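Chemist:
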Amino acid sequence: MSDMMTASTAGRSERRAPGIMERLAKYEKTLYGVGTVGILLVAWQVAVANIDPSLAPLFSSPTRVLASAIELFQSGELVHHLQVSAVEYALGYGVSILIGVPLGIALGWYKRFNYALDPLTTALYVAPGVAFMPLIMIWFGIGLASKVVLIVLLALFPIMINCRDAVKTTPKNLLEAARSFQASQGRIFRTIVFPSAVPFILTGLRLGAGRALIGVFVAEMYISQAGIGYMITQAGTSLKTDVVFVGVIIFCIAGLLVFELIAQLERRFEKWRPQVGSGE
Numbered sequence: 001m002s003d004m005m006t007a008s009t010a011g012r013s014e015r016r017a018p019g020i021m022e023r024l025a026k027y028e029k030t031l032y033g034v035g036t037v038g039i040l041l042v043a044w045q046v047a048v049a050n051i052d053p054s055l056a057p058l059f060s061s062p063t064r065v066l067a068s069a070i071e072l073f074q075s076g077e078l079v080h081h082l083q084v085s086a087v088e089y090a091l092g093y094g095v096s097i098l099i100g101v102p103l104g105i106a107l108g109w110y111k112r113f114n115y116a117l118d119p120l121t122t123a124l125y126v127a128p129g130v131a132f133m134p135l136i137m138i139w140f141g142i143g144l145a146s147k148v149v150l151i152v153l154l155a156l157f158p159i160m161i162n163c164r165d166a167v168k169t170t171p172k173n174l175l176e177a178a179r180s181f182q183a184s185q186g187r188i189f190r191t192i193v194f195p196s197a198v199p200f201i202l203t204g205l206r207l208g209a210g211r212a213l214i215g216v217f218v219a220e221m222y223i224s225q226a227g228i229g230y231m232i233t234q235a236g237t238s239l240k241t242d243v244v245f246v247g248v249i250i251f252c253i254a255g256l257l258v259f260e261l262i263a264q265l266e267r268r269f270e271k272w273r274p275q276v277g278s279g280e
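Read in full-length UniProt numbering, the sequence shown has 278 at position 278, and its numbers run on one by one without any break.
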């Protein structure tokens, strides 16, 4: 009887151990990422503590950056800048999606339409968007509209081109099978083309999200009196490196949050991605 109880207890212990390891493995990516950031912060703090005191203000420590962030938040300045940047980003990125996704799909679906616009889209995609800044300021002034236009100019084309290529790379065997059953063009698009393109469209949205953040910073650096980019620029001219770091970290966190949101959508639609060579 005692042997049976011992064996039962051992069996339960063996069953519990994999559960703990599985839970740790589930958060492995997060643990590694947080650990790396923690090590870098400690190294940063130690390095600043051991440099010449006269140079310390130029290399603000993490604790000083945190103190500056709290001070800016309590004064309301940080909240104001965040609100301005958030509105600009939401409008610019949102317009880029609303234009880029349907236009990109149309370019991929209609061959001659793509032939007509391909030189223009390629030229605007490879051209540095900042080069259009003087024209944007002349045409749209220095208000919200000019900043949104610049963000759209930077974020639109990665989204549009990825959508176009996603539609163009739809597996031909699926299209041929659908046409052999006399499926209409609309039905083919709804049931084959669009589902297979969704994962690649989301990749384009991820690329556009990063470009939109760059657009926010550049716009606020040149044509704004508020926003996180403006805060960074003003702090840089005053050698307030702690405030600069606050702004940079905010941009990094914003980018991570947007990327993670899109990554969640990508994982959700991963099963829609065509499996090349699967034989199905």
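For glycine and all other residues, C-beta sits at the position ideal for the given N, C-alpha and C.
Note that this is a predicted model, so its numbers are computed, not measured.
#1: Is D52 helix, strand or coil when you go by DSSP?
#2: Does the contact criterion of 3 or more C-beta pairs under 8 angstroms hold for the stretch 65 to 74 versus the stretch 120 to 138?
#3: Report yes or no: do three or more beta-carbon pairs, one from the stretch 141 to 148 and one from the stretch 115 to 122, lie closer than 8 angstroms?
#4: Under a Cβ-count criterion, where at least 16 other Cβ atoms within 10 Å of its own Cβ denotes burial, should P119 be classed as buried or exposed?
#5: Quick one: Cα of T121 to Cα of S224, how far?
#6: Is there contact between the stretch 85 to 92 and the stretch 200 to 216, where contact requires at least three CB pairs shorter than 8 angstroms?
#7: Hey, quick one: how far does the alpha helix (DSSP H) through Y222 stretch, first residue to last?
#8: If you measure between the beta carbons of G104 and N162, is that distance less than 8 angstroms?
#9: For M231, which residues from the same chain have a beta carbon less than 7 angstroms from its beta carbon, with the 5 sequence-adjacent residues on both sides left out?
#10: Using the three-state DSSP reduction, which class does I142 fall into: helix, strand or coil?
#11: Might you give, ordered along the chain, the residues of its own chain that have their beta carbon closer than 6 angstroms to the beta carbon of S85, omitting 5 neighbours on each side?
#12: Are the CB atoms of F157 and A209 within a distance shorter than 8 angstroms?
#13: Can the beta-carbon of I159 be found closer than 8 angstroms to that of V101?
#14: Is I262 near R211, with beta carbons less than 8 angstroms apart?
#15: Roughly how many angstroms lie between the CA atoms of P199 and E266, to the nearest whole one?
#16: Return yes when the Cβ of A166 is within less than 8 angstroms of the Cβ of residue 353, no when it is not.
#17: Whole-angstrom Cβ separation of P57 and W44, contact assumed at under 8 angstroms?
#18: Using C-beta distances below 6 angstroms, list every residue in its chain close to G277, excluding the 5 sequence neighbours before and after it, in chain order.
#19: Below 7 angstroms CB to CB, which residues in the same chain sit around I99 once its five sequence neighbours on both sides are set aside?
Modeler: Taking the structure as given:
#1: On the sequence shown, residue 52 is found 52 positions in, with the first residue counted as 1. Note: D52 maps to coil in three-state DSSP.
#2: no
#3: no
#4: The residue labelled residue 119 in the question sits at position 119 within the sequence shown. When all chains shown are included, P119 counts as exposed.
#5: The sequence position of residue 121 within the sequence shown is 121, counting from 1. The sequence position of residue 224 within the sequence shown is 224, counting from 1. Whole-angstrom Cα-Cα distance: 28 angstroms.
#6: yes
#7: Along the sequence shown, one-based indexing puts residue 222 at 222. Note, Y222: alpha helix (DSSP H), 194 to 222.
#8: Position 104 of the sequence shown, counted from the first residue, corresponds to residue 104. Position 162 of the sequence shown, counted from the first residue, corresponds to residue 162. Their beta carbons are under 8 angstroms apart, which means G104 touches N162 by this criterion.
#9: Looking up residue 231 in the sequence shown gives position 231. Once the five neighbours on either side are set aside, the close Cβ partners of M231 are H81, V243, G247.
#10: As a first step, residue 142 must be located in the sequence shown, where it is residue number 142. Reduced to three states, the DSSP call for I142 is coil.
#11: Position 85 of the sequence shown, counting from 1, holds the residue named residue 85. Within the same chain, S85 has close Cβ partners V216, G227, I228.
#12: In the sequence shown, counting from the first residue as 1, residue 209 sits at position 209. In the sequence shown, counting from the first residue as 1, residue 157 sits at position 157. In this structure, F157 does not lie closer than 8 angstroms to A209 by Cβ.
#13: Stepping through the sequence shown from its first residue, residue 159 is reached at position 159. Stepping through the sequence shown from its first residue, residue 101 is reached at position 101. Their beta carbons are under 8 angstroms apart, which means I159 touches V101 by this criterion.
#14: Looking up residue 262 in the sequence shown gives position 262. Looking up residue 211 in the sequence shown gives position 211. For I262 and R211, no; Cβs fall outside 8 angstroms.
#15: Within the sequence shown, numbered from 1, the residue matching residue 199 stands at position 199. Within the sequence shown, numbered from 1, the residue matching residue 266 stands at position 266. If I take the Cα positions, the gap works out to 6 angstroms.
#16: The structure shown does not extend to residue 353, since the chain is modelled only from 1 through 280, so no value can be given for it.
#17: The residue labelled residue 57 in the question sits at position 57 within the sequence shown. The residue labelled residue 44 in the question sits at position 44 within the sequence shown. That belief does not hold up - the Cβ atoms of P57 and W44 are roughly 15 angstroms apart, past 8 angstroms.
#18: Within the sequence shown, the letter at position 277 stands for residue 277. A caution first: G277 carries a pLDDT of 45, below 50, which makes its placement in the model too unreliable to give a value.
#19: Position 99 of the sequence shown holds residue 99. So the qualifying residues of the chain are L156.
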